[in-house]
Structure formats: C-alpha cells, structure tokens
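Residue numbers (our numbering): 515 to 1063.
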C-alpha cells in the first residue's frame, strides 16, 4: 500500500465527500490517487497521467460522438485511479455505458452533487497527499541520518545492512559487481547461490532484474511469489559496484522502501570507493614489492622475508608465480584487466590464500604459496587453483579467452625471479602445448625448457633449425608444409596412423612425405640421433616463430 498517495476508499471517507456516491467500479476502491485533475471540456485525454483522479462536469460530452467514444476509451484504459462526474450541470445522470465500462475495468466512478465546490474536493484530497509526502520526506531524512551516523561512527557495512533491514522490515541482500552476495541481514531466509534465490520452493534468477536496474540507473520493482523485489544499483564514478536487493511481502510494501534504498545506495557507494582506495594503495605496495623480488633489487633475502611479513606474506614457504593474461589482448577492453584483478583477488581471499598480486597493462601476476608433499602434488595443486580462477572467469565472461601460465615452485627468494619468467613463458608458449590450452604449467613445456636455457645463454635457436631442417622451409605457399607434417608425426609419438588422421591424408601419403623429409634434410628418421636432430629443429623453429612475434 502506498504511503504517499491516498486511496479512493479513504478519499470517500473525507468529510467533503460525504454527499458523493460511488456508482460503479467498487472493486477498484483501493486504487491510489497520485494527483487530482479538473477538466471541464474533455478534448485531449492524452494529457492525463497514470494514477490521476479526474473530476469533470462532462461539458458537451453527451452531444458529441467523438468525445463520447474518447471517454469510453478512457474508461477502459486503466490509466486513472478514479473518475468523479458532477451531475445536474451538463449531465443529469451518469450514462449506463459509463457505469458498465467502469464496472468491467474496476474503475471507481463517483457521482458528485452540484452543491459541492471543485476547490473543496481538490483541496481536501491534495492536503492528504501533500501531508503524506511531508511525512515520507521526514522518514527518508531519518533513514539517511541513521545510516550515515553508523558510517561516521566507524560501523561496518554489515551494521548498515542490518539497520536498513530493520528500518524497512525487509530482507536485504548486497551484491558486488560479480553477482556475489557480500552482505546480508538474513542469509538463511532466502537461500541464494549468486543470483539464484530460493523462494517458496521456487528457484528465482534475478540477474536480468539486476541488469535492468543498472541500465535504467534506477529502482526496479518485481513481484515474484507474493514478494516484491526492490533492486537498486550502487553506482559511483560511472561504474557499478553492485546492487541493493530488498525482499518483502507484497502486502507490506510501501513507497518508503524505494526511498530507503535510494538513500542507502550512496552510503554503500562511498564505502566501496573508500575500500577501493585502500585496495589500490595496498596493490601499489604489493606491486612494488614484487618488482623488487623479480628484479632481485634487494640487499638480502632476510630483509625481503621481514618486509614480506609486514605485508602478511611468508616468503620462506614453497611458492610459485601465476601469470594471467588474455590470448588476444590487443582487442581486449582495458576494464577487463580490472575485472580480472578483482575476481582473482576475491578467489584468493575466499580460499584464504596468502598472496602478493600486481596488475600490469595486459596481465595479472600473483605469487602464492604451494602445498603438497611431492612434485606431482604441487603440480596438481597449482593446476587446481588456476582451474578455479578460469571457471569463475568463464562464468562471467564466457567469450573472453583467458590463459594462465604457472611457474615452477621454489622456496628461495632469489629463485622467484625464475618462477616469474617461467610463468610468463608458460603463457606465451601455450600454443606449443595445444591451441585449446588455457592452463599451462612450465613443467608442461618439457624439452622447450632446454631450448629456452640455450637462448638465455646466447645460443641462437635459428642456427639449430637451420642446421637440421633448412631443407623443409617452404619458399612458396603452394609447397606442401613438411614442417607441419613432421610436427604432427612427433606430436603423435611417431604413429603413422594417428598423424595421418590428424593431417587428413592417407598413410601412404604420410610415408611419402616422411621420405621427402629424409631426402631434403639428409637425416634418417630411423636413426635415434637423426630423429633427435629433427625434433630439436622443429621445436626450435616453432619456438622462434612465437618468441619473435
């Protein structure tokens, strides 16, 4: 029930309305009057607004067929809260067609005698509406004052959420921008898994309503299972930080609930901005610290361990670097890096993982401790953590391809630079593992590690493949790609059948190509030594092609 407007039922109880008579539309008696409009000549009904209470004498209505037809449409339009017609001036009695249509459409139709002045009725009804508005304004200011005082007295948003719930007598859920519930006054009343809320045994997905409120940047009210969901976006600096969701029985909802949420939204926004500023400062400190670690810019390992403890991070544990970036970063919106940072940070916090994290132009890099008894256990642990991040990312951005590179775990500070470099290589060389690879541990690169070490030691990898497979380098696009043939042969563990199937050629064709490879390189595939030269040549060729991009 609205607290601003006055219902037709209550308006009829006003002293000035005692002589009036409700002649039709009794079922709409609880319709709310938003405003009172007096129109003597009904020429343009298009100017009437939803919820208005129309008072008219019906001048010239009965004598004009077009006006009569327009008035009939108005009675059927569900636009007005009610209509009052003066009789005895221009209309001796209300026509039967008006009464029938008003009853059919639950539109209260009231007969007013001529001894009541227009001004007396409008004044009496509008006084009620204005008084309600003043009362609502006072309540709104009280709500804003109470919630603001909580923040000024260093209370948390948990306390603000609880008080907002008490003031509105409703359940309150606060979502962040990733659709996670971060604050709630009654977590068990409406069990929720992200945007899926259990209500009267029904699973309700409110995600489209959250997006609708964000698009409008305004309150959205939806009635579901006899409950009203009031949703309002928390917006600051042209960014959405989340939503306030209020759930309340339909019969107890009132306009004050909308206003209460609108008053609360800026308070949440300010706290989120404050939290963001603290996070940015913390991120900058962590990022500088990681730069010092990776560039080995420190006096002693002990000094760095002590510095790490001040940041609640123990550098003496076994740990590895993770490198997160988008496969096609050139076409990626910069805001996605911020999204990736917040999602990664949130997952690490939820898992209670100590970590140091930094945000770069095209990537997110973090250092975290790795658990496990054996090398295989630690490998599986890293893959599992990366998989959790990847799954969460795909939940929000299924069409944006994320790749996670993981470095080897170490327990010495001076080896963490190596883990960071390995994580970066694991990301950059993901296509060497497979075009669909999205999580790559440096360990997965196998013999490529040897070639990378050779490259760091000043050995030109081009000399390796030119010495062994230069005869396979196609001069024109029309030539058969023998490098692709040989690569497929090695990837399939030298299985003629599997390689032929992958290349969509016959086994005899593959054998012919392998013979051509032997002729062009002067190497014998049946020789273990020559086979190793071919394999190293192919690997060096592929590695250089990627690193030179």
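The beta carbon of each residue, even a glycine, is placed where N, CA and C say it ideally should be.
For residue i, which residues does DSSP report across the bridge?
i           : result
residue 880 : 836 and 871
residue 551 : 568
residue 760 : 686 and 744
residue 625 : 535 and 599
residue 934 : Answer is none; residue 934 lacks a bridge partner.
residue 674 : None; residue 674 has no bridge partner.
residue 717 : 712
residue 697 : 688
residue 749 : 754
residue 855 : Paired residue(s): none; residue 855 is not in a bridge.
residue 546 : 521
Quick check on residue i: does DSSP put it in helix, strand or coil?
i            : result
residue 534  : coil
residue 527  : coil
residue 916  : strand
residue 1039 : coil
residue 962  : helix
residue 517  : Its pLDDT being 47, under 50, residue 517 is placed unreliably by the model, and nothing is read from it.
residue 1020 : coil
residue 987  : coil
residue 735  : strand
residue 992  : Since pLDDT at residue 992 reaches only 46, below the 50 mark, its modelled position is unreliable, and the value read off the structure follows with that caveat. It is coil, neither helix nor strand.
residue 817  : helix
residue 908  : helix
residue 1047 : helix
residue 1057 : helix
residue 955  : strand
residue 811  : coil
residue 1026 : helix
residue 782  : helix
residue 939  : helix
residue 827  : coil
residue 619  : coil
residue 636  : helix
residue 979  : helix
residue 895  : helix
residue 924  : strand
residue 1096 : The chain is shown only over 515 to 1063; residue 1096 falls outside these bounds and no answer can be derived.
residue 802  : helix
residue 1006 : coil
residue 971  : coil
residue 578  : coil
residue 631  : coil
residue 573  : coil
residue 656  : helix
Going by CA-CA distance only, name the one from the options that's closest to residue i.
i            : options                  : result
residue 766  : 1018, 1032, 737 and 848  : 737
residue 721  : 741, 897 and 689         : 689
residue 573  : 979, 762 and 601         : 601
residue 1008 : 1030, 996, 1039 and 1022 : 1039
residue 719  : 705, 826, 732 and 731    : 705
residue 831  : 667, 810 and 930         : 930
residue 743  : 626, 703, 728 and 759    : 759
residue 560  : 594, 543 and 1062        : 594
residue 457  : 665, 542, 946 and 1015   : Outside the shown range of the chain, which is 515 to 1063, sits residue 457, and nothing can be said about it.
residue 883  : 741, 822 and 755         : 822
residue 745  : 778, 739 and 814         : 778
residue 1029 : 999, 1056 and 1052       : 999
residue 607  : 575, 584 and 580         : 575
residue 691  : 911, 611, 927 and 957    : 911
residue 827  : 865, 881 and 805         : 881
residue 733  : 790, 725 and 739         : 725
Contact check, residue i vs residue j under 8 Å by CB: the rounded distance?
i           : j           : result
residue 782 : residue 748 : 5 Å
residue 565 : residue 548 : 3 Å
residue 522 : residue 596 : 5 Å
residue 962 : residue 943 : 6 Å
residue 762 : residue 684 : 4 Å
Could you tell me whether the Cβ of residue i comes closer than 8 Å to any Cβ of chain C?
i           : result
residue 972 : Here chain C cannot be found, since the structure has a single protein chain.
Do the stretch 825-841 and the stretch 858-870 meet, that is, are 3 or more Cβ pairs less than 8 Å apart?
Using a Cβ-Cβ distance cut-off of 8 Å, the stretch 825-841 and the stretch 858-870 are in contact, since at least three pairs of beta carbons, one from each stretch, lie closer than that value.
Touching or not, the stretch 564-576 and the stretch 539-554, by the rule of three or more beta carbon pairs under 8 Å?
Put simply, the stretch 564-576 touches the stretch 539-554. At least three CB pairs are less than 8 Å apart.
Hey, is the stretch 969-980 in contact with the stretch 906-918, meaning 3+ C-beta pairs nearer than 8 Å?
No: fewer than three Cβ pairs fall under 8 Å.
With three or more beta-carbon pairs closer than 8 Å as the criterion, would you say the stretch 863-876 touches the stretch 798-811?
Contact between the stretch 863-876 and the stretch 798-811 is present, because at least three Cβ pairs lie under 8 Å.
Inspect the CB distances between the stretch 762-777 and the stretch 704-712 and report whether three or more fall short of 8 Å.
Touching, no, given that fewer than three Cβ pairs across the two stretches are closer than 8 Å.
With a cut-off of 8 Å, do at least 3 Cβ pairs link the stretch 948-955 to the stretch 900-912?
In the pairwise beta carbon analysis, the stretch 948-955 is classified as touching the stretch 900-912: at least three pairs are separated by under 8 Å.
Should the stretch 621-638 be regarded as contacting the stretch 659-668, the criterion being three or more beta carbon pairs within less than 8 Å?
The answer is no - the stretch 659-668 does not touch the stretch 621-638, with fewer than three Cβ pairs under 8 Å.
Tell me whether the stretch 1001-1015 and the stretch 972-981 touch, counting them as touching only if at least three CB pairs, one residue from each stretch, are closer than 8 Å.
Contact fails: fewer than three Cβ-Cβ distances are below 8 Å.
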